[in-house]
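Going by the working numbering, the letters in the sequence shown line up with residues 4 to 263, in that order.
See structure below.
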Amino acid sequence: MNAKRRLAFLMTILFLPACYNMVKRDAGFEFQKAPPEVIRFLSILEQRNDAVKSFKGIGKVSVWDSGRSRTSRAAWLGAADGRLRIEFLGLPGQPVAKLIFDGNRYSFLSHIDQQLYRKTCSDPNLKQVTGVSIKASEVIEYLAGGVPIYEHDSVSFESGESGEQVESGGKFVLVFRKHWLGVVEKIFFNESVLEKVEIFRWGKKAYQVEFKDIRTVKEHQVPFYLVIKNAGNQGFSFTVDMHWADINVLPSMFEITSMD
Numbered sequence: 004m005n006a007k008r009r010l011a012f013l014m015t016i017l018f019l020p021a022c023y024n025m026v027k028r029d030a031g032f033e034f035q036k037a038p039p040e041v042i043r044f045l046s047i048l049e050q051r052n053d054a055v056k057s058f059k060g061i062g063k064v065s066v067w068d069s070g071r072s073r074t075s076r077a078a079w080l081g082a083a084d085g086r087l088r089i090e091f092l093g094l095p096g097q098p099v100a101k102l103i104f105d106g107n108r109y110s111f112l113s114h115i116d117q118q119l120y121r122k123t124c125s126d127p128n129l130k131q132v133t134g135v136s137i138k139a140s141e142v143i144e145y146l147a148g149g150v151p152i153y154e155h156d157s158v159s160f161e162s163g164e165s166g167e168q169v170e171s172g173g174k175f176v177l178v179f180r181k182h183w184l185g186v187v188e189k190i191f192f193n194e195s196v197l198e199k200v201e202i203f204r205w206g207k208k209a210y211q212v213e214f215k216d217i218r219t220v221k222e223h224q225v226p227f228y229l230v231i232k233n234a235g236n237q238g239f240s241f242t243v244d245m246h247w248a249d250i251n252v253l254p255s256m257f258e259i260t261s262m263d
């Protein structure tokens, strides 16, 4: 098997995701059950999530585990309804592979051997792509500057890494709990600036997201460096060169053919 076909086989294995559901997420927030000091930060999150719109970007995508890492130039397109398109680029900017989720079906096309792979699923889990158990819709929300909020029964404050209390500023954490699951999510702030999100399943951290180099694009607070990783040192990142917010998307943008 020559080098090009080995690369095509590797990318095929990497980019075929599993299709199964994770913990259900809330459509909104439990304001009535939150302490008064929590309300302001829930409002910040709600405003960020309400502002999430369709977008596109270009930059680099890196994927790593404990033994190796891979980085590729890439272009991506995300729709607020959960559709996703990522194109991996070679030199000089020609597509090497692309993955597309159109809302009903996941597709992967290798331009090296012109092989098309498809799988029907709803909001695919990208663990086989990235090593991290995360849904496509969540990646879209994070890239757009939003934060998925998992189903919860209560929200509380904890002091952050600095140990400072809420009223004196500094770092602190919003903690979301579900009665029969315990902690399901933590959202870390430095004063009013979002820094990190941790997602938990059955008491164990499933993954964390770090928001870095946050910039304002059309009034959206967008991370230009987004790092997502699990407890096993597997993860992926987006380094954003350009981000276009509030774009119009058409169904044709999420279509794929074997000759695309």
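The beta-carbon is built from N, C-alpha and C at its ideal position, and this holds for glycine as well.
With distances taken between CA atoms, Phe58 lies nearest to Glu144 out of Val135, Glu144, Thr74, Ile115.
Within the segment 90–124, complete beta strand (DSSP E) segments of at least 3 residues are found at 98–104, 108–113, 118–123, given in chain order. When rounded, the separation of the alpha-carbon atoms in Val178 and Val158 is 6 Å. With at least 16 other beta carbons inside 10 angstroms of its own, Arg86 counts as buried. Gln50 and Val212 have their C-alpha atoms spaced approximately 19 Å apart. At a Cβ-Cβ threshold of 7 Å, Pro98 and His114 count as neighbours. Between Tyr228 and the set Ile47, Lys63, Ser110, Ser46, the nearest pair of CA atoms involves Lys63. When DSSP states are grouped into helix, strand and coil, Ser255 belongs to the helix group. Rounded to whole angstroms, the separation of the alpha carbons of Leu197 and Leu92 is 31 Å. Secondary structure at Ser72: strand, using DSSP grouped into helix, strand and coil.
Rounded to the nearest whole angstrom, the C-alpha separation of Gly206 and Phe239 is 23 Å. In chain order, Pro151 place their CB closer than 7 Å to the CB of Glu141, counting only its own chain and leaving out the 5 sequence neighbours on each side. Arg121 counts as exposed, since fewer than 16 other C-beta atoms from the protein chains shown sit within 10 angstroms of its C-beta.
At the C-beta level, Ile137 and Leu146 stay beyond 7 Å of one another. When rounded, the separation of the alpha-carbon atoms in Ala83 and Lys56 is 5 Å. Excluding sequence positions up to five before and after Gly149, its CB lies within less than 6 Å of the CB of Arg51, Asn52, Val55, all in the same chain and listed in chain order.
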